[in-house]
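Q: Okay, here's the structure, questions in a sec.
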Amino acid sequence: MFKIIGNGAFGSAMASAIKRSGFEYVVIDSFSGNVCLNSIEDKKQDNTYNNLNRNKKTDLELNSDNSNKDSYKDFNDYPFLIPAVPSYAVPNIVEKYSSKKDHIIFISKGVLENGLILGEWADKKGIDWSVIAGPHFANEIMKNLPTTSILGSEELIPEVMSFSNMGFMHSKMKKGIQFCGAMKNIIAYGCGVVSGLGLGKNAVASFLNKGFLDLRKLLMEISEEEVIFSPAGIGDLCLTASSDSSRNFKQGFERSASLDLNNVKSYTKTNRDIDSSSNVNASKNINGQILSEAKHSALAMYNRFGDNFVTMKFVSDVLNESLSTQEQIKVQLFENKIFS
């Protein structure tokens, strides 16, 4: 009943939660359309699937070695489609793999190149959609460790609400939930930058607080500020912005910590804003650059909202190639009034 498009870390985590909950599912390679795993044959495919995840192969690599050549078209009767790819790749995935009767469940936390959240794009297309969010490290979901989650939808989806060990609550504030995810990426990256500067935990907490205020301000503009206290808001923000296990935090930390405080040293483009081509969360976007979800969100949302949110502006400034020393980044912190 669930079609998962994309077999990266979070696609695998969703498959794991759905499998434990007893529902039918299929995992589909986002490049080829071939079936990687489905619940009907999962007993004989389990070893292959687990090996693929242990090797951390990407969709592109799996495209060449899938042993199951069934097509996604064989599962068109499954009503829920989950695009498990970075947000900026979702429109192409939905257009390629969905049918008019599908209900799309978004799990990607980011925005499109024009700064639109996926729900705004879906509404323009007349697509029936909902969203899942919360403090979700994929590896912990795979291990069936407990968490809390929120389903943003017009109506309850009982199957989703019963996902194993994911502690769902329900809200109709779908767009607010998606803005939480996009802002979370930016705030977590900024917290990592501050940490990498060696300014201490007080400074990191201060940046997180300023980001929380920015998020509240944004949610108030769409009259969905209540969602800030949900798993998608403070829950996901606290997880991602305070843990070195967070990809977003880690990228921000590496951005600033790699700069030598005493020597003006260029932070090369390769290190600064290009993720490894093997990273399933990297794709060409924003003027053709290859950016992570966090960096993409910062640039795209800044292009949309401008200087209205100080943490968003700071992260966009940090991504500017003219900042080549830690001192320059510190100046930006104070110029953006992060600590006032």
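To convert a position in the sequence shown, counted from 1, into my numbering, add 107.
Beta carbons: idealized from backbone N, C-alpha and C, even for Gly.
Note that the structure is predicted; figures quoted are calculated from it, not measured.
1) According to DSSP, which residues form a beta bridge with S256?
2) At the level of alpha carbons, what is the spacing between K250 and F187?
3) Here's a check: name, in chain order, each residue in its chain whose Cβ is nearer than 7 Å to the Cβ of G241, leaving out the five neighbours to either side.
4) Evaluate S352 with the Cβ neighbour count: other Cβ atoms within 10 Å of its Cβ, from every protein chain shown; 16 or more gives buried, anything less gives exposed.
5) Does DSSP put F187 in a helix, in a strand, or in coil?
6) On the three-pair Cβ rule with 8 Å, is the stretch 190 to 208 touching the stretch 263 to 271?
7) Measuring straight from C-alpha to C-alpha, what distance separates K180 and F356?
8) Ignoring anything shorter than 4 residues, give me the alpha helix (DSSP H) runs that lie fully in the stretch 406 to 430, in order along the chain.
9) I need the boundaries of the alpha helix (DSSP H) containing A124, first residue and last residue.
10) Under DSSP, the alpha helix (DSSP H) around I211 begins and ends at which residues?
11) What is the rounded straight-line gap between the Cα of G299 and the Cα of L306?
12) Take M276 and list the residues in its own chain whose beta-carbon comes closer than 8 Å to its own, dropping the five residues that flank it on each side.
13) Find the nearest neighbour of G226 within the set S447, Y204 and G283, judged by alpha-carbon distance.
14) V311 by DSSP, collapsed to three states: which one?
15) Sorted by chain position, which residues of the same chain lie with C-beta nearer than 6 Å to I125's C-beta, five sequence neighbours on each side aside?
16) In this structure, does DSSP put H110 in helix, strand or coil?
17) Using a Cβ-Cβ cutoff of less than 7 Å, which residues in the same chain neighbour A191 once the five nearest sequence positions on both sides are dropped?
18) Can you tell me whether V201 is helix, strand or coil according to DSSP?
19) With DSSP as the reference, please indicate the residues paired to L144 in a beta bridge.
20) Where S313 and M419 are concerned, what is the direct C-alpha to C-alpha distance, given to the nearest angstrom?
21) Between which two residues does the alpha helix (DSSP H) containing S363 stretch?
22) Name the two residues that bound the continuous beta strand (DSSP E) containing V238.
23) Quick one, which of I293, F286 and R362 has its alpha-carbon nearest L304's?
24) Using the three-state DSSP reduction, which class does V192 fall into: helix, strand or coil?
25) Around the Cβ of L406, are there at least 16 other Cβ atoms within 10 angstroms (buried) or fewer (exposed)?
26) Kindly identify the DSSP beta-bridge partner or partners of V218.
27) Please state if the CB of M290 and the CB of N315 are separated by a distance shorter than 8 Å.
28) How would you call F360, buried or exposed, if buried means at least 16 neighbouring beta carbons within 10 angstroms?
29) Which of helix, strand or coil does DSSP assign to T347?
30) Taking only three categories from DSSP, how would you classify L326?
31) Any idea what DSSP makes of F446, helix, strand or coil?
32) Roughly how many angstroms lie between the CA atoms of N183 and F138, to the nearest whole one?
A: Looking at the coordinates:
1) The sequence position of residue 256 within the sequence shown is 149, counting from 1. BP columns for S256 point to F275.
2) As a working note, residue 250 is residue 143 in the sequence shown. As a working note, residue 187 is residue 80 in the sequence shown. Roughly 24 Å separates the two Cα atoms.
3) Counting from 1 along the sequence shown, the entry for residue 241 is found at position 134. Residues of the same chain with a CB within less than 7 Å of the CB of G241, apart from the 5 flanking positions on each side, are T254, T255, S256, I257, P338, A339, G342 and D343 in chain order.
4) Against the sequence shown, residue 352 aligns to sequence position 245. Exposed is the call here.
5) For this step, residue 187 is matched to residue 80 along the sequence shown. F187: strand per DSSP, three-state reduction.
6) no
7) Start at 1 with the first residue of the sequence shown, and residue 180 comes out as number 73. Start at 1 with the first residue of the sequence shown, and residue 356 comes out as number 249. Note on geometry: alpha-carbon atoms of K180 and F356 lie some 38 Å from one another.
8) 417 to 425
9) Taking the sequence shown and counting its residues from 1, one reaches residue 124 at position 17. Here the alpha helix (DSSP H) through A124 covers A116 to R127.
10) Position 104 of the sequence shown holds residue 211. DSSP places I211 outside any alpha helix (DSSP H); the residue lies instead in the beta strand (DSSP E), whose first and last residues are H210 to F213.
11) Taking the first residue of the sequence shown as 1, we reach residue 299 at position 192. Taking the first residue of the sequence shown as 1, we reach residue 306 at position 199. In a straight line, the C-alpha of G299 is about 11 Å away from that of L306.
12) Reading the sequence shown from its first residue, position 169 is the one you call residue 276. So the qualifying residues of the chain are T255, S256, I257, L258, S337 and P338.
13) Mapped onto the sequence shown, residue 226 falls at position 119. Between G226 and the set S447, Y204 and G283, the nearest pair of CA atoms involves G283.
14) Here residue 311 refers to the residue found at position 204 when the sequence shown is read from its first residue. V311 falls in the helix class under three-state DSSP.
15) Here residue 125 refers to the residue found at position 18 of the sequence shown. Correct list, in chain order: F109 and Y132.
16) Numbered from its first residue, the sequence shown carries residue 110 at position 3. The residue asked about is misnamed: residue 110 is Lys in this sequence, not His. Residue state, collapsed to three classes: strand.
17) If you number the sequence shown from 1, residue 191 lands on position 84. Same-chain partners within the cutoff: I111, I112, G113, G115, F117, G118, M121 and I214.
18) Translated into the one-based positions of the sequence shown, residue 201 becomes position 94. If DSSP states are grouped into helix, strand and coil, V201 belongs with the helices.
19) Mapped onto the sequence shown, residue 144 falls at position 37. DSSP output for L144 lists V134 as bridge partner(s).
20) Mapped onto the sequence shown, residue 313 falls at position 206. Mapped onto the sequence shown, residue 419 falls at position 312. One C-alpha to the other measures close to 15 Å.
21) Taking the sequence shown and counting its residues from 1, one reaches residue 363 at position 256. Where S363 is concerned, the enclosing alpha helix (DSSP H) stretches over R354 to A364.
22) Reading the sequence shown from its first residue, position 131 is the one you call residue 238. Counting along the chain, the beta strand (DSSP E) containing V238 begins and ends at W236 to A240.
23) Position 197 of the sequence shown, counting from 1, holds the residue named residue 304. Nearest of I293, F286 and R362 to L304, Cα basis: R362.
24) Within the sequence shown, numbered from 1, the residue matching residue 192 stands at position 85. Three-state result, V192: coil.
25) Counting from one through the sequence shown, the residue named residue 406 turns up at place 299. Buried, because 16 or more other Cβ atoms sit within 10 Å of the Cβ of L406.
26) Position 111 of the sequence shown, counted from the first residue, corresponds to residue 218. Partner(s): I224.
27) Here residue 315 corresponds to residue number 208 of the sequence shown, with the count starting at 1. Here residue 290 corresponds to residue number 183 of the sequence shown, with the count starting at 1. Strictly speaking, residue 315 in this sequence is Leu, with Asn absent from that position. At the C-beta level, L315 and M290 stay beyond 8 Å of one another.
28) On the sequence shown, position 253 is the one that residue 360 refers to. With 16 or more Cβ atoms within 10 Å of its Cβ, F360 is classed as buried.
29) Residue 347 sits at position 240 when you count from the first residue of the sequence shown. DSSP places T347 in helix when its eight states are reduced to three.
30) Counting from 1 along the sequence shown, the entry for residue 326 is found at position 219. Here L326 sits in helix by DSSP.
31) Stepping through the sequence shown from its first residue, residue 446 is reached at position 339. Correct three-state label for F446: coil.
32) Counting from 1 along the sequence shown, the entry for residue 183 is found at position 76. Counting from 1 along the sequence shown, the entry for residue 138 is found at position 31. When rounded, the distance between both Cα atoms is 17 Å.
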